[in-house]
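Heads up: the structure comes next, in structure tokens.
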Amino acid sequence: YRKNRYFRGKFAMAAVSGLEPKQLWSNFAQLAEIPRPSKKEEKVLVWLQKIAEELKLEYVQDQTGNMVIKRPGSGGGEAAAPVLIQGHIDMVTESNEPFDFENKAIELVRDGDYITANGTTLGADNGIGVAAALALLQMPRSAKLPPLECLFTVDEETGLTGAKQLNGEMLSAKTMLNLDTEEWGSVYVGCAGGGDSVITVPATHETLTGEHGDFEAFSLKISGLKGGHSGIDIASGRSNAVRLAAVVIMEAVSLFGAENVLVVDIKGGNKRNAIARECTATICVRSDSETKLRELCAEKSRQFSREFGSVETGLKLELSPDSNIPSEALTATSTRALLCLLTSLPHGVIRMSPVIGDLVETSSNMAAICYDEKEKVYTLTCSTRSSVASALENVRLQIKMLAEMCGGTVSQPEAYPGWQPNLESKIVKVTSACYESLTSEKPKLLAIHAGLECGLINDRCGITETVSFGPTIHGAHSPDEKVEIATVAPFFELVVAVLGELADAR
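Just so you know, the sequence shown maps onto residues -6 to 499 in the numbering used here.
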């Protein structure tokens, strides 16, 4: 890495040659030289420490690795309140071909109106924000700035670890500019918090003996759904494969009787933060009910198509014979408890924001179900989100009560906090006014129904005023990632303009 750094550095600098602001692009090119996968940010932290020492600025680091570099106010902003500038130093590591992200530099490429990378993620998320923060620290001592506390967090991309474990005592600022947004022209003013619920339901089985001889086994499969992110896509009208499968089985039990429909197994969903795309169940019905079961599945398929077909164009409900006759099935009591949960647990949008148009305030995702053969239990995972802490916990309480009513137990780790939008906050108004002054247009004030570092940092540091904005970045988290050059200069101008206004505040 060190042996080849100079030569690669020449190419990196060539890619950004002539671009403004010069210091920001120079910082970004240098950052691209330093390997920084999530949880492997040590080399970047050494680089940041060296910059702080060269600038003769105070810096401090917590046990997690997060670093704060502090610059006194200048140019008339000496007596202003400090402002927190925040970005994360790790990057997503995706490539078209095998690539050693732990030891190799990112090769920057200028492609027309964009800076991109050669076959890998670029790291503009959040490298441009980090480069901008450093450019602020490197501004002349005559620059009109309030006291700055530049926070560089670690391991954002794989769980917000740095923000979750941040030592808030390193910081005194109560206003934050987060520089980790990817749509120039948009100013983010809120995000969702979230918390999981892991439900464990005991599964009691009965042996299929001679009296069950006239039963036949079938595989019921729901597939072809779009799935998607359980926060960003939850309001898109997409369906949940686990819910659909449970509805079909519940209706079969209701129509044919519990003694004539036996559930052998059900599994579906995968990740806690994804909407379930597929679900498979094995069920047994009496031989004389096979035709009715097929008719029921055909009718449910038509119903699902009418209900979700405009969105879920690939939805499939398939019923096929299972030649492997099971030796046991769930008892009627276990079946009833499981189906009750799967058809009753909250899923989807629960409340829209009264503050931001088209923003989901509160939602829940029934993410997955699987059977633990060793423990003889079913595990259901739910992920709940809200920008309002009390609403989040109300839904989690509902999940807990439903689970306990059905004989289950619930584990609910501590939720991470959201960031409730406040369009009347001073920093929102200042940022909006500065943006309009620079562009002659009003910014889009947005919030996102997903977790951001802002919510955690606000909570851990007592931050009361926050906005998030950045240049336009396309294809983040993929080898197609690229930053739109023309948006970087106005992004930095906006940062400086906002800080100039805050430097005047007393």
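Each residue gets a CB set at the ideal place from its N, CA and C atoms; glycine is no exception.
Starting from the C-beta of K(-4), find all residues in its chain whose C-beta is less than 8 Å away, skip the five residues before and the five after it, and write them out in chain order.
-> Low confidence applies here, because K(-4) scores a pLDDT of 39, under 50, leaving its location unreliable; read the following figure in that light. Closer than 8 Å at the Cβ level, and outside the excluded window around K(-4), lies no residue.
Kindly list the residues whose CB is nearer than 7 Å to the CB of G155, restricted to its own chain and excluding five residues on each side of it in sequence; keep chain order.
-> Hits under 7 Å: T57, G58, N59, H81, T146, V147, D148 and E149.
For M359, the residue or residues it bridges with in DSSP | C375
So what does DSSP say about A269, is it helix, strand or coil?
-> DSSP places A269 in the coil class of the three-state scheme, outside both helix and strand.
Would you mind giving the Cβ-Cβ distance between E34 and A482, rounded to the nearest angstrom? I have them listed as a contact below 8 Å.
-> About 27 Å; that fails the 8 Å criterion.
When you compare only the Cα positions, how much space is there between K15 and L308?
-> 51 Å
Chain-order list of residues whose beta-carbon lies under 6 Å from that of S346 (same chain, five-residue window excluded) = L352 and E354
Are M169 and Q79 closer than 7 Å when you measure CB to CB?
-> yes
Relative to the C-alpha of F462, which residue among K475, C447, G455 and D473 is closest?
-> Nearest C-alpha to F462: C447.
Reference K385, options G400, V342, T324 and L144, closest by Cα = Before going further, note that residue 385 is Leu rather than Lys in the sequence given. Out of G400, V342, T324 and L144, V342 has the C-alpha closest to the C-alpha of L385.
Roughly how many whole angstroms lie between the Cα atoms of A74 and E434?
-> 28 Å
First through last residue of the beta strand (DSSP E) which encompasses D258 = Counting along the chain, the beta strand (DSSP E) containing D258 begins and ends at V254 to G261.
Under the three-state reduction of DSSP, which class applies to I225: helix, strand or coil?
-> coil
Who pairs with A210 in a beta bridge, going by DSSP?
-> Per DSSP, C277.
Helix, strand or coil: how does DSSP classify A482 here?
-> Residue state for A482 is assigned as helix, using DSSP reduced to three classes.
With burial defined as no fewer than 16 other Cβ atoms inside 10 Å of the residue's Cβ, what is the status of F0: buried or exposed?
-> At F0 the pLDDT is 38, less than 50, meaning the model places this residue with poor confidence; the figure from the coordinates comes in the next sentence. Burial call: exposed.
Along the chain, which unbroken stretches of the beta strand (DSSP E) at least 3 residues long are found entirely within the region 114 to 183?
-> Segments of the beta strand (DSSP E) lying fully in the region 114 to 183: 141 to 146 and 168 to 171.
Are the CB atoms of P472 and S88 nearer to each other than 7 Å?
-> yes
Report the option in C427, L487, D365 and K393 whose CA atom is closest to the CA atom of P195.
-> Per the Cα distances, D365.
Chain-order list of residues whose beta-carbon lies under 6 Å from that of S216 (same chain, five-residue window excluded) = E271 and K309
How would you call A479, buried or exposed, if buried means at least 16 neighbouring beta carbons within 10 angstroms?
-> exposed
V85 versus A469, D497 and C375, residue with shortest Cα-Cα distance | A469
Span of the beta strand (DSSP E) around A440 | K437 to I441
Contacts around A8, its chain only, beta-carbon distance under 8 Å, and the 5 residues preceding and following it disregarded | Cβ within range, chain order: A22, L101, V102, R103 and I108.
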